[in-house]
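Notes for the one structure printed next.
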Amino acid sequence: MKKMSNTEVIASIIGAFFATLCASFFSNSILEANDMPMVLASTGASAMLIFAIPHSPVSQPWPLIGGHLIAAFIGISAYYLIPNAVVASSVAIGLAMLAMHLTDSMHPPGGATAVTAVIGGNTVHELGYYFIIVPVFFNAIILLSIAMAVGSFREKNPYVINGRG
Numbered sequence: 001m002k003k004m005s006n007t008e009v010i011a012s013i014i015g016a017f018f019a020t021l022c023a024s025f026f027s028n029s030i031l032e033a034n035d036m037p038m039v040l041a042s043t044g045a046s047a048m049l050i051f052a053i054p055h056s057p058v059s060q061p062w063p064l065i066g067g068h069l070i071a072a073f074i075g076i077s078a079y080y081l082i083p084n085a086v087v088a089s090s091v092a093i094g095l096a097m098l099a100m101h102l103t104d105s106m107h108p109p110g111g112a113t114a115v116t117a118v119i120g121g122n123t124v125h126e127l128g129y130y131f132i133i134v135p136v137f138f139n140a141i142i143l144l145s146i147a148m149a150v151g152s153f154r155e156k157n158p159y160v161i162n163g164r165g
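In terms of the UniProt record's numbering, the sequence shown opens at residue 1 and continues consecutively.
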């Protein structure tokens with residue numbers, strides 16, 4: 001793996017900071033429960049991937065967005081269909097991995113999204129399938145938007161196709 005230039009490292013760190021700050025602020029404003037902030041751990045893991053190793057296949061737009069959405073749907077469904085949280089979480093991980101393989105949307109932090117849908121508590125469970133959109137989809141879009149902006153500071157932009165973009 002090629003090392004990043006100092007400019008790229010600094011842009012990545014600043015981008016990851018602002019992306020997670022924005023996504024966390026958004027999640028907290030939607031999911032705040034009993035004065036306890038709710039932030040999706042998978043958002044931090046996604047930020048690490050898309051900013052630190054942006055050219056990796058797991059850091060591309062479709063895996064980021066699709067992987068999280070698929071995993072959220074599977075996690076919520078597992079929560080509704082399987083009464084035991086440990087079993088539901090385990091099933092959600094396996095099925096999310098299978099679905100991501102089948103849809104070419106492998107994004108490992110999606111596993112945390114699937115588990116969060118199962119064990120996220122009343123705040124997440126009250127959202128039901130709306131959890132897929134708010135906060136999961138919006139967090140992924142926030143991260144991707146900032147990652148695409150940071151891409152313009154890279155020697156090779158991971159979001160430019162065939163030299164255009």
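Note that the Cβ used here is the ideal one computed from N, Cα and C, for glycine as well.
These figures come from a predicted structure and were not determined experimentally.
- The Cβ atoms of Ala88 and Ala78 sit closer than 8 Å to each other.
- In this structure, the alpha-carbon of Ser105 lies about 18 Å from that of Ala147.
- At the C-beta level, Pro108 and Val160 stay beyond 8 Å of one another.
- Asn139: member of the alpha helix (DSSP H) spanning Phe138 to Gly151, first to last residue.
- Under DSSP, Ile14 shares a beta bridge with no residue.
- Counting along the chain, Ser56 sits inside no alpha helix (DSSP H), nor does DSSP assign it H or E at all.
- Listed in chain order, the non-local C-beta contacts of Glu8 below 8 Å within the same chain comprise Phe153, Arg154 and Glu155, local neighbours out to five positions each way being set aside.
- When the Cα atoms are used, Gly151 and Pro54 turn out to be separated by approximately 8 Å.
- Going by DSSP, Val86 is part of the alpha helix (DSSP H) stretching over Ala85 to Leu102.
- Just so you know, the alpha carbons of Phe25 and Pro158 end up roughly 26 Å apart.
- Excluding five sequence positions before and after Ala16, the CB atoms of its chain that fall closer than 6 Å to its own CB belong to Ala47 and Phe51, given in chain order.
- C-alpha of Ile142 to C-alpha of Ile132: approximately 14 Å in a straight line.
- In this structure, DSSP gives Pro109 a state outside helix and strand, which the three-state scheme calls coil.
- Short of 7 Å from the beta carbon of Ser5, and not among the five residues preceding or following it, lie these beta carbons of its own chain, in chain order: Glu155.
- The three-state reading of DSSP puts Ser46 in helix, counting H, G and I together.
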